[in-house]
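Shown next, in structure tokens, is the structure this report addresses.
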Amino acid sequence: MEVGRHPRIRLLAYSEVEKVTGDVGNFQVTVRKKPRYVNESKCTGCGSCAEKCPTSTVDAYNMGMAKSKAIYKYFPQGIPSAYTIDAAKCRNFQEGKKCGVCAKVCQAGAIDYKQEEQIINIEVGAIILATGYELFDARRIPEYGYGRLPNVVTAMEFERFLSASGPTHGHVYRPSDLSVKESLPELEKAVQKGLRELEKFEKPSEMSSAEFIKKYDGGELTGEQYDNWAKAYKLFVPVMEKLEGASQKVESIETVHRLAFIQCVGSRDMRYNKYCSGFCCMHSIKEALIAREHDPTAEIYIFAMDIRAVGKGFEEYHNRAANAGITFVRSRVAEVSEKADHSPVLLFEDTKSREVRSLEVDLVVLATACEPGPAALKFSKMLGISLTDFGFYQTRTIPALDTSRPGVFACGCAQGPMDIPESVAQASSAAARAAQALAGPEATRLAS
Ligand SMILES: Cc1cc2nc3c(=O)[nH]c(=O)nc-3n(C[C@H](O)[C@H](O)[C@H](O)COP(=O)(O)OP(=O)(O)OC[C@H]3O[C@@H](n4cnc5c(N)ncnc54)[C@H](O)[C@@H]3O)c2cc1C
Ligand code: SF4
Ligand code: SF4
């Protein structure tokens, strides 16, 4: 927010750096600003456009677990607070289709379907790379069943479940139950269609389909007309049964009560990333404590080889979780399977008791690794800077945020896994280093 309002900070959102030339004190940067098809300075962020937009899309911010519109704001607190049209989904941009609803309802006149991308050239004295991280794709560990077992989710998805502005408004349900709930409108539509079809036969013969089928099966009624009726009825019955089953299921849906977190998914694993992702032990403890606040009687397990609570007050937080009844199991889970009702079952060795055991829960949460994103490779090539063996930006030991190129600094998870306070502290340090670079070689030398 502060950055967005600062008179001396120019924010180029929805933009990509294309090219960098020059050197410390005098870099020329070419930026491609993508078209939003919404004028950023006119859009008030009121949301009338999205309310009326007829095109539904997947909500990427809610990890695909909610619906969005073809005109959307990625997340509520985004800066600038402007909406964006997804041209790949918007009807106006699809051949032969017309819409224009958002332009009609926008009181600010902010919609601009003809907006084009802009190339912006800027001159800067220093560059700070704060391109962050990507999460490990849990599908790469097939034995945990992510993407195959509906009730195995990632910690990021679980964050969205816990959030009041998330897809379930802060209530944690099993995704398998939610999909049954979501299937209801379609099933209801199919049942209504089937009923209309049967009515065509029932009305003229003044007989219900249930009475008819008894007579038809008993051989009392024959002929093409009755064969068609029987066919329509036999197609209708399973759809009706499915709707009844789904409705019963939905009535008995409860929030998640048994919860298991699996740590080091893709981290500290010779097959994927050897390093520790640093923040996942603490975010799992945080998520477990929030889940416990939602349901004080919940059974919560955290499966970890060890808990890395490295930071001021972190060990106390870990102890608080243990005292709140959260069970820490020292183990690397071998496999997750599921029961017929989609309840996940964990198979693991409890390394303390040296027993191989299994545990049935309602939901499994995977603490996936922090990996360097595609930007790391892109900017290492563009700027000619080194990466670490793990693919994060290589920085010097002292001064800690300097990359291998003078005037280019890296901070936050782009430099390696770290939590928010450390990323923010690094960002301040990087800004200070950049200011020294701008002050000239002497200031940089003295500070080094
Ligand atoms: C499930 C989960 C829960 C967490 N909970 C906590 C918590 O409670 N407390 C805590 O301290 N930490 C938590 N963390 C860790 C936290 O997410 C990181 O510490 C933090 O996000 C790092 O900030 P960053 O700015 O370095 O990177 P990021 O947050 O990844 O930000 C990088 C930004 O750069 C942008 N970007 C990338 N490439 C480009 C490009 N080419 N051009 C323009 N922009 C680009 C990205 O879109 C992104 O907005 C959690 C992590 C996870 C996975
Ligand atoms: S033109 Fe229509 S489909 Fe496209 S964003 Fe506007 S309202 Fe949605
Ligand atoms: S922080 Fe914890 S869960 Fe994350 S990689 Fe390190 S040990 Fe594993």
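Quick note on my numbering: the sequence shown kicks off at 1351 and runs consecutively.
Even for Gly, the Cβ is constructed at its ideal location relative to N, Cα and C.
With 16 other Cβ atoms within 10 Å as the buried cut-off, status of residue i
i	result
His1519	exposed
Met1768	buried
Ile1603	exposed
Phe1425	exposed
Asn1673	exposed
Gly1446	exposed
Ala1438	exposed
Arg1658	buried
Asn1578	exposed
His1668	buried
Ile1477	buried
Pro1722	buried
Val1502	buried
Leu1485	buried
Arg1498	exposed
Ala1432	buried
Gly1628	buried
Thr1504	buried
Any non-hydrogen atom of ligand 2 closer than 7 Å to residue i Cβ
i	result
Ala1810	With the chain covering 1351 to 1798 only, the question about residue 1810 has no answer from this structure.
Val1451	yes
Asn1442	yes
Pro1554	no
Ala1476	no
Ala1420	yes
Pro1404	yes
Cys1399	yes
Ile1435	yes
Length of the line joining the Cα atoms of residue i and residue j
i	j	result
His1521	Ala1514	8 Å
Leu1609	Glu1685	16 Å
Ser1617	Lys1702	22 Å
Asp1818	Ala1775	With the chain covering only 1351 through 1798, there is no way to say anything about residue 1818.
Lys1423	Leu1479	25 Å
Gln1465	Val1679	55 Å
Glu1493	Leu1696	10 Å
Cys1399	Lys1419	9 Å
Ile1748	Ser1754	12 Å
Phe1511	Ala1690	24 Å
Gly1475	Gln1786	10 Å
Gly1762	Lys1543	56 Å
Glu1507	Gln1457	35 Å
Lys1565	Leu1571	6 Å
Glu1591	Tyr1463	47 Å
Tyr1743	Gly1495	32 Å
Ala1596	Pro1694	20 Å
Arg1783	Pro1771	18 Å
Pro1525	Pro1500	6 Å
Residue range of the alpha helix (DSSP H) that includes residue i
i	result
Tyr1583	Glu1574 to Glu1601
Leu1534	Pro1525 to Ser1555
Cys1452	Val1451 to Val1455
Glu1667	Checking the sequence, you will find Tyr at residue 1667 rather than Glu. From DSSP, the alpha helix (DSSP H) with Tyr1667 extends over Phe1664 to Asn1673.
Cys1399	Ser1398 to Lys1402
Cys1631	Cys1630 to His1644
Ile1676	It is not in any alpha helix (DSSP H) - Ile1676 carries neither H nor E in the DSSP assignment.
Glu1509	Ala1505 to Leu1512
Glu1772	Ile1770 to Ala1789
Heavy atom of ligand 3 within 7 Å of residue i beta-carbon
i	result
Gly1628	yes
Gln1786	no
Cys1631	yes
Ala1654	yes
Ser1703	no
Arg1621	no
Ser1681	no
Gln1613	yes
Range covered by the beta strand (DSSP E) that runs through residue i
i	result
Val1353	Element bounds for Val1353: not the beta strand (DSSP E) but the alpha helix (DSSP H), Glu1352 to Arg1355.
Arg1704	Counting along the chain, Arg1704 falls outside any beta strand (DSSP E), and DSSP gives it neither H nor E.
Glu1366	Ser1365 to Asp1373
Leu1362	Run containing Leu1362: none; DSSP gives neither H nor E here.
Ser1627	No beta strand (DSSP E) contains Ser1627, which DSSP labels as neither H nor E.
Asp1700	Pro1694 to Asp1700
Phe1377	Asn1376 to Lys1383
Lys1419	Lys1417 to Lys1419
Check: residue i C-beta below 7 Å from any heavy atom of ligand 1
i	result
Asp1645	no
Ile1849	Only positions 1351 to 1798 of the chain appear in the structure, and residue 1849 is not among them; the question remains open.
Met1768	yes
Ala1345	In the structure displayed, the chain extends from 1351 to 1798; residue 1345 sits before or after that span and is not available.
Met1351	no
Cys1393	no
beta-carbon residue i near ligand 4 non-hydrogen atom, thresh 7 Å
i	result
Arg1546	This structure lacks ligand 4; the ligands present are ligand 1, ligand 2 and ligand 3.
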